[in-house]
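Residue numbering for the sequence shown follows the working numbering, starting at 3 and increasing by one per position. Even for Gly, the Cβ is constructed at its ideal location relative to N, Cα and C. Remember, predicted model here, so these are calculated numbers, not experimental data. Here's the structure, in structure tokens; my notes come after.
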Amino acid sequence: MDTLKWLLLSGAVLLVGHLAYRVIRFGGFKAALFGAPIASTVARIVGSDQGTVKMPLTVYRLGGNDPEKVVGLALEASSFASYQTLTVCLSESKVRELIQSLQSALGNGETEAG
3 MDTLKWLLLS GAVLLVGHLA YRVIRFGGFK AALFGAPIAS TVARIVGSDQ GTVKMPLTVY
63 RLGGNDPEKV VGLALEASSF ASYQTLTVCL SESKVRELIQ SLQSALGNGE TEAG
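Put into structure tokens, the structure is as follows:
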């Protein structure tokens, strides 16, 4: 039983240590979630009200040299007793694909996702 406690404690220390390393390396908690430094906040879009749940979408320009991590999107869901952040990193080609999909959803695009 004593061995199990030490294994669990060691695992927790490693997990917290890894998160702390990423926070320091990338310059903040959200940057650690993206795995890249945040160069700037481009926009914060608040959708229609979902009752007590607020769900803004924030667009970030990411720094660093990774071409697969150019833009970061963070969807934050918060209510009275909870908070959750979902992040995604996009390359330049994926950003262009997203732009085309949004334009298509508005009826302004020429291609349809299929």
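The straight-line gap separating the alpha-carbon atoms of T54 and A41 is approximately 31 Å. By the neighbour-count criterion, in which 16 or more other beta carbons inside 10 Å mark a residue as buried, V72 falls on the buried side. Three or more beta-carbon pairs drawn from the stretch 57–65 and the stretch 30–48 are found closer than 8 Å, and the two stretches are therefore classed as touching. Along the length of the stretch 53–87, whole beta strand (DSSP E) runs at least 3 residues long occupy 58–64, 73–80, reported in chain order. With a cutoff of 8 Å on beta-carbon distance, G66 and A38 are scored as near each other.
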